[in-house]
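Numbering (mature numbering (1 follows the signal peptide of the UniProt record, and there is no 0)), first residue to last: -16 to -1, 1 to 921. Shown next, in structure tokens, is the structure this report addresses.
Right, dumping it as structure tokens:
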């Protein structure tokens, strides 16, 4: 019986697979012999043995006649051996070929059309690059085509393009083109795909698509998966696509200009995954979202949704992940108690209100992450929240929670390792047996005398900022895994203890805003040392002995002596801020030569000497602030190597300043300050900048405008030197300049070359200075706006300002200023401008502050200024203006002080009666812009 069973089994195996035909085995052996692969990781090719039937080889499948119909060589680390003469292309019975996840690193061969019976072709992440061969478009039997790639080598569809590739592939059901550079315009690629009536899966993530989505895609009524994430799609998303009843997955994430809203969903919807994060979708959520009974993942993070979260969300019993973070949702959090499989709940950065006590947290036993930070949630915290058995991370920061736990903290989940409760109104006790704990900025008083390290477990991240600490907690000394420690904004004084600088695990240390006076030695920090705003008063040491440290922040202390060159041994240093100290001597040349440095802040010290002209050719500086020292010499020409520079502040020094035409190609420069500089040049030259002066208002101080004696003066002229600065008009920007040379009688003007500058004509979003480890550095500057010296922090698009006050600029104000429609503030006060106020300024409809005081302007005030409905501050005083102040709703709302000391002005709000004092209008109605450009009069 056993013998019969064996014979029967052999017969069935033979019927299922057949015996390998000799020619098929020979072709496979030829293929193996030519392929170059890593035998140490191979699981298939390394086992091909000539003594065995090839139909039994790993990765090989035969039909009943012994012909190879399926070849799977994926994940074999093959790096060579397939070209136009390869025996692979003679396996003409192949129906399925899988070469995925190899390392070929050459252009894909063009012989695939020889495999005319192919139904499934998988070349994903095979390492091919360049143009996808046209021959693939001739494989008319293809059902599955996967060409996706995440390799750095570019794979592209240009010729053939996507239209040509798919035009004959009418049987396609699964199409994966992720990571391929597709150049086909939107309407064309959508229409080409819409002809694939059997298509079920369309995956085109990160394909460089830059177009709108045509509604023709909705014709594909068999689609179950659409992935178009990570492209540059824009415009409205066709709502009909939501109505495709077979659709299970829709991923449009990472297309910030793609617009749309959620429609009414039918109970018959098959949708299981909806990913819209990072798009411009918005509006309110329809109540019919509760009809999506199969929905397991929904991600709307970083969109523009508002209104309340519908209670119908409670019907979504299959939810596993819900992320509504960074929207404008308001109202209470609905119940998710029926979503028994929910693991991730993220509602951070909204405007949610109310208590969370009513939520049945105990029923959500599979939750791993809860993030409710940055809302307006209130009330006390339920103990059941801490008792979820699988909960690992709980983030409730920046809300209005009060009180402490209702029950003892030992009931907390044993899986909980990260707890962030900062910026609430909480009181203890809270569980301490965690790896991450943030209790900063509450009403807590931490017991610093706890000495038993077991009771605190093995903490890796501890943040106790503003917890009324007066000493370093005892338990910290015995924390061998402590990596991140934040004790800032406390009341700790004295010296930093010895264990800090001997710790082998500490990477990030923030002790700023205390009253510390000294450190016992340099620490071994690998990421960040933040000692700013203390009372350190010794000579500066290199406070870290680690060459890998990225951030050293020692500003606002009383450090003395010179900057040691040993600080340049930190080869990974990105931010060095020593501002607001008493440092003297010269700036070490090696700092300018550092290729890792992105921010160098040395302002408000007593540094002297010249700025070294040794900036690296690979300079990565984004911020250079040397304001308020005693530096001399000229602006280094090698500073032009710092192409990433956004902020340059050289003000309040004794630099012999020639306006830096050699910086003309710094396309990222946004803030340029040269306040109180010694000027020796004869000409003001045109500086070409690309982006806006964009500053976010932080604090405003009631300080009246002051001019400090030195003034910036120049005769008319453009750069005509070998640098080619002359005539550059595309991105010229008005910068901030104040106080230049002594006693010069030459004229100064703003040039018509500003005419081509586009950045101030529109308000475009800007990124911030983000660095590794998620640390963000803010640059602060001062600017005069609305009559006050205002402190501005970080560069974003909330305010666009021109401040040329307190110089000796002369000549007429160019009409081109009226084209800078994004301006919020314009200050040309305390100069020598003459002529008329340009009527084009009436186009600056966003303008909130206009200050032309203390010049020599004449003529009438243009009627167009009355169009500036947002104007809150106006100062035209101390000029030679004449005629009637324009009547209307805007200008006459200002006080008499806005117009005083203009002897020819009359009308409200002045006391002078126009019937007696009206003067004839000035005949000088046009600006001589040619004269401004050429320097002639």
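Quick reminder that beta carbons are idealized off the backbone N, C-alpha and C, glycines included.
Span separating the alpha-carbon of residue i from that of residue j
i, j, result
"residue 401", "residue 378", "9 Å"
"residue 45", "residue 4", "10 Å"
"residue 469", "residue 422", "10 Å"
"residue 494", "residue 388", "26 Å"
"residue 809", "residue 632", "20 Å"
"residue 359", "residue 277", "28 Å"
"residue 270", "residue 315", "15 Å"
"residue 513", "residue 305", "37 Å"
"residue 863", "residue 803", "24 Å"
"residue 447", "residue 181", "57 Å"
"residue 475", "residue 410", "19 Å"
"residue 20", "residue 53", "23 Å"
"residue 948", "residue 407", "Summary: the structure shown does not reach residue 948, with the chain confined to residues -16 through 921, and so no result is reported for it."
"residue 1004", "residue 67", "This structure leaves residue 1004 out entirely; the chain is present only between -16 and 921."
"residue 570", "residue 478", "30 Å"
"residue 331", "residue 187", "28 Å"
"residue 618", "residue 625", "16 Å"
"residue 605", "residue 653", "11 Å"
"residue 126", "residue 207", "17 Å"
"residue 362", "residue 381", "11 Å"
"residue 64", "residue 14", "14 Å"
"residue 417", "residue 129", "51 Å"
"residue 609", "residue 589", "11 Å"
"residue 866", "residue 887", "7 Å"
"residue 346", "residue 119", "59 Å"
"residue 352", "residue 198", "39 Å"
"residue 892", "residue 885", "15 Å"
"residue 75", "residue 109", "22 Å"
"residue 39", "residue 50", "7 Å"
"residue 878", "residue 336", "41 Å"
"residue 177", "residue 551", "59 Å"
"residue 37", "residue 233", "42 Å"
"residue 144", "residue 244", "32 Å"
Residues bridged to residue i [DSSP beta-bridge criterion]
i, result
"residue 104", "80, 128"
"residue 220", "243"
"residue 265", "244"
"residue 384", "362"
"residue 859", "835"
"residue 140", "115, 165"
"residue 145", "Answer is none; residue 145 lacks a bridge partner."
"residue 492", "468, 512"
"residue 650", "Looking at the DSSP assignment, residue 650 forms no beta bridge with any residue, so it has no partner."
"residue 887", "In the DSSP output, where bridge partners are listed per residue, residue 887 has none listed."
"residue 479", "502"
"residue 814", "For residue 814, which the question treats as bridged, DSSP gives no partner whatsoever."
"residue 160", "130, 187"
"residue 805", "In DSSP, residue 805 forms no bridge with anything."
"residue 295", "None; residue 295 has no bridge partner."
Beta-carbon separation (whole angstroms), residue i vs residue j, contact threshold 8 Å
i, j, result
"residue 222", "residue 201", "7 Å"
"residue 204", "residue 183", "5 Å"
"residue 537", "residue 566", "That pair is no contact at about 17 Å."
"residue 820", "residue 834", "Going by Cβ atoms, the distance from residue 820 to residue 834 rounds to 15 Å, so no, they are not a contact pair."
"residue 859", "residue 823", "Actually they do not touch by this definition, with Cβ atoms about 19 Å apart."
"residue 123", "residue 81", "That pair is no contact at about 10 Å."
"residue 98", "residue 115", "With 8 Å as the limit, residue 98 and residue 115 do not qualify as a contact, their Cβ atoms being about 19 Å apart."
"residue 279", "residue 300", "5 Å"
"residue 58", "residue 85", "5 Å"
Check: residue i C-beta below 7 Å from any heavy atom of the ligand ATP
i, result
"residue 592", "Ligands are entirely absent from the displayed structure, and the ligand ATP is therefore not among its contents."
What runs of the alpha helix (DSSP H), each 4 residues or longer, lie entirely inside the segment 591 to 617? Entirely contained in the segment 591 to 617, not one alpha helix (DSSP H) run reaches 4 residues.
For the segment 283 to 291 against the segment 251 to 262, do three or more pairs of beta-carbon atoms, one drawn from each stretch, fall closer than 8 Å, so that the two count as touching? At 8 Å Cβ cutoff, the stretches touch.
What are the start and end residues of each continuous alpha helix (DSSP H) run of 4 or more residues lying completely inside the segment 553 to 598, in chain order? Annotation note: the segment 553 to 598 contains the following uninterrupted alpha helix (DSSP H) runs of length 4 or greater, listed N- to C-terminal: 573 to 577.
Specify whether the segment 582 to 589 and the segment 545 to 560 touch according to this definition: at least 3 beta carbon pairs, one from each stretch, less than 8 Å apart. Yes, the segment 582 to 589 touches the segment 545 to 560.
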